[in-house]
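Numbered by numbering that gives the first Met the number 0, the letters in the sequence shown go through residues 0 to 261 in order. We treat Cβ as the ideally placed atom computed from N, Cα and C, and that holds for glycine.
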Amino acid sequence: MTMHRICEMHAAGEKICMLTCYDAVFARVLDDSGVDVLLVGDSLGMVLQGHPTTLPVSMDEMVYHTACVARGNRSAWLIADMPFGSYQPSQELALRNAARLMQAGAHMVKLEGGGWTVPIVQSLVERGIPVCAHLGFTPQSVHALGGYRVQGRGAGDADQLRKDAEDLAAAGAGMLILEMIPAGLARELTKALSVPVIGIGAGAGCSGQVLVLHDMLGISLQKTPKFVRNFLEGKGGIQAAVQQYVADVKASRFPDDALHAF
Ligand code: KIV
């Protein structure tokens, strides 16, 4: 999988299927099941380490898990999250930390937020590091956002989201994740932007879908959000469940706007 192919899929309306992944075994299972993009998310702090938020995850932990996933992966596009505090202080630090993830085997790094992140995205892209942006509910800002809440609901918030998305794409972000925003707004942004838009809790109108692996397998320690479906229920095994997820995303059977309360 290449960024060129992912952009072709976006342009052709072919759904892009992404899952989080944190180790070599699952990387092989997901890759063999046809998942297009593996995301080494800092959600590993919650689903693997048992923390209540993603905030405690360190750079060293992200590098370790990225290297594990890279060893198991054969063909999927591999994105690694830049954890909290690894890109906020300065562009120089962001570049050094993004380089560590790329050297561990990532093809692209992901960072959260808009506005202040734009020059960081631009400087990474200029130096040959592909960047995925992440807007809407941004888990690293959970305390500032007042908890796990839908974003972009009011007219002002929606306009800010539109502007952030346009600015990030103009700065060179090659992909955008939209988390927990109204389905109509996600659909509109997906149509408006030239870059692939991947949704999570953002309805069925995005170029593709991402879920946290442990949530879609129903093995998460935390309460799972309403928009998640347990793909392991009633299935023969993990691989069959992942194949069903791939088939449902590709055929636009998941997500379903009717299950989407906002
Ligand atoms: O860390 C993560 O798993 C993520 C996804 C929820 C998009 O950022």
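Cα atoms of L167 and C67: separation of roughly 29 Å, rounded to the nearest angstrom. Here L188 has L160, R161, A164, L175, L177, V196 as same chain residues with Cβ atoms under 8 Å from its own Cβ, once five neighbours each way along the sequence are excluded. Proximity of the segment 5-24 to the segment 40-55 meets the contact definition, three or more beta-carbon pairs being nearer than 8 Å. In the DSSP assignment, L216 falls outside any alpha helix (DSSP H), carrying neither H nor E. Straight-line measurement puts the Cα of A157 at about 8 Å from the Cα of Q150. By the C-beta density criterion, T1 is exposed, having fewer than 16 other C-beta atoms within 10 angstroms. The Cβ-Cβ distance between A185 and G198 falls below 7 Å.
Q208: member of the beta strand (DSSP E) spanning 207-210, first to last residue.
By DSSP's assignment, A79 forms a beta bridge with V39, V108. In the DSSP secondary-structure assignment, H133 is bridged to E111, I176.
Distances from the CA of V211 to each of L94, L92, Q221, G202 were compared; the closest alpha carbon is that of Q221. In this structure, the ligand KIV has a non-hydrogen atom nearer than 6 Å to the beta-carbon of T19. A check of alpha carbon separations from L38 across L94, R95, K109 identifies K109 as the nearest. Within the DSSP secondary-structure output, L18 pairs in a beta bridge with L37, L210. By the CB criterion at 7 Å, G113 and A69 fall outside the cutoff.
Here the alpha carbon of M81 sits roughly 8 Å from the alpha carbon of M61.
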